[in-house]
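Student: In this note's numbering, the protein residues as written are 7 to 128.
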């Protein structure tokens, strides 16, 4: 007889469901993903299903997605600062113009992050 995995089960509404973990670290499973982590997860699931399943079976999926989230936020901060140095805020009292300028810079930084970090197979 083959070795069978030792599974534990949770009872929900009178039914038993296997207690599955999608990473090797429980903390990674319990910590919610942010915007970029969710985008990377969906991209991987929809465009690279084999890699998605491999990471899931190895228990590294959520850890990778949290890494993507952290890397994207760090890069967003760095790019925003660099773009603000290249294109400083307008010296005006018009709040709308200043907000529009900052939003345009953040949008540019986010486009770069999406192509370089988020929408890339891991």
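We put the beta carbon where it would ideally sit given N, CA and C, even for glycine.
Drop a sphere of 10 angstroms on the beta-carbon of residue 103, count the other beta-carbons inside from all chains shown, and report buried for 16 or more, exposed for fewer.
Tutor: By one-based count along the chain shown, residue 103 stands at place 97. Under this definition residue 103 is an exposed residue.
Student: So, for residue 39: in the same chain, excluding its five sequence neighbours on each side, which residues have a beta-carbon less than 8 Å away from its beta-carbon?
Tutor: Position 33 of the chain shown, counted from the first residue, corresponds to residue 39. Cβ neighbours of residue 39 beyond the five flanking positions: 47, 68, 71, 72 and 75.
Student: Quick one: is residue 63 buried, meaning 16 or more other Cβ sit within 10 Å of its Cβ, or exposed?
Tutor: Looking up residue 63 in the chain shown gives position 57. Exposed, by the Cβ-count rule.
Student: Apart from the five residues on each side of it in sequence, which residues of its chain come closer than 7 Å, Cβ to Cβ, to residue 112?
Tutor: Residue mapping note: residue 112 aligns to position 106 of the chain shown, counting from 1. The answer, listed in chain order, is 86.
Student: My output table needs one value for residue 122: the three-state DSSP class, helix, strand or coil.
Tutor: Within the chain shown, the letter at position 116 stands for residue 122. If DSSP states are grouped into helix, strand and coil, residue 122 belongs with the helices.
Student: Quick one: using the 10 Å Cβ neighbour count with 16 as the cut-off for buried, is residue 95 buried or exposed?
Tutor: To locate residue 95, count along the chain shown from 1; it is residue 89. The residue is exposed, with fewer than 16 neighbouring Cβ atoms inside 10 Å.
Student: Counting along the chain, where does the alpha helix (DSSP H) carrying residue 80 start and finish?
Tutor: Along the chain shown, read from residue 1 onward, the residue named residue 80 stands at position 74. That run of the alpha helix (DSSP H) goes 67–92.
Student: Nearest by alpha-carbon distance to residue 114: which of 65, 83, 56 and 97 is it?
Tutor: To locate residue 114, count along the chain shown from 1; it is residue 108. That would be 83, whose Cα lies nearest to the Cα of residue 114.
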